[in-house]
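Read the sequence shown against the working numbering and you will find it ends at 203, with the numbers running on by one and no gaps. I have placed the structure first, in the form of structure tokens, so that the comments after it can refer back to it.
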Amino acid sequence: DDIAFAERVVARASVACERLHQYDALAQQAAHAREAQEEVEDALTQIQSLVSALPEALVGLDTEGTITFANRAAGRYFRKQEFELIGRSVVELVRSAAGDSAVWERAIAATAADKYVATMMTTEGRATVDVTVVPGLQTAICDRLVTLNVRVPAAEPS
């Protein structure tokens, strides 16, 4: 009887030890997952800082042409804060400001990567702008990314 009791105790202790090992493994996995999540968040913060500081205007659009992302340069282009652009229709935004809706309509309609030159209104007046459209991203942030690079005219010799 004592041997049977000891065997049951050992069996239960063995199960308890196995559960402790499983718990420890899960705790370690959770700790690694938290560390990985923190690393991803740090990387995203760095990327957002870099994108925000770019001189080119970056605008993320959904399939309907609603702005889902904008950097500082895009805010300057539209004469608004970046957060004021989110959720607004880019075509309506430029129409209301007597802007260049045809340029944006082409960007929304693009089904493949597109690069073209347009003359657009900027904060300094009309300017030549290189427009690049990358559609089909289908990310959580945007369906397409549009960049605007205003060409700086060469300084005239004196």
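Cβ coordinates follow ideal geometry from the N, Cα and C atoms, glycine included. It should be emphasised that the depicted structure is a prediction, and the values quoted were computed from it without experimental measurement.
Coil, strand or helix - residue i by DSSP
i: leucine 99; result: coil
i: leucine 182; result: coil
i: aspartate 46; result: coil
i: arginine 64; result: helix
i: aspartate 175; result: strand
i: arginine 53; result: helix
i: asparagine 194; result: strand
i: alanine 199; result: Residue placement at alanine 199 cannot be trusted, given a pLDDT of 49 that sits under 50; what the coordinates show is reported in the next sentence. Three-state DSSP puts alanine 199 in coil, outside helix and strand.
Candidates the options, of which the one nearest residue i by Cα
i: alanine 232; options: Asp69, Phe114 and Glu80; result: Limits of the chain in this structure are 46 at one end and 203 at the other, which puts residue 232 out of reach.
i: cysteine 187; options: Glu52, Ser97, Ile131 and Ala147; result: Ile131
i: alanine 119; options: Asp159, Gln67, Gly110 and Pro100; result: Pro100
i: alanine 158; options: Met166, Gln93, Val136 and Leu182; result: Leu182
i: aspartate 145; options: Met166, Ser134 and Arg53; result: Met166
i: valine 162; options: Asp107, Val148 and Val60; result: Val148
i: valine 139; options: Phe128, Arg117 and Ile112; result: Ile112
i: arginine 196; options: Leu89, Ala102 and Asp69; result: Ala102
i: asparagine 116; options: Ser94, Thr108 and Asp107; result: Ser94
i: glycine 110; options: Asp69, Ala88 and Ile153; result: Ile153
Supposed close pair residue i, residue j - CB separation, criterion 8 Å
i: leucine 193; j: valine 176; result: 6 Å
i: valine 136; j: glutamate 150; result: 6 Å
i: alanine 155; j: arginine 189; result: 7 Å
- Item | Runs of beta strand (DSSP E) lying entirely within the region 80-167, each at least 3 residues, in chain order | 102-106, 112-115 and 159-167
- Query: Any chance the region 156-172 sits against the region 75-85, with 3 or more Cβ pairs inside 8 Å?
  - Reply: no
- Any contact of the region 83-96 with the region 59-75, i.e. 3+ C-beta pairs under 8 Å? no
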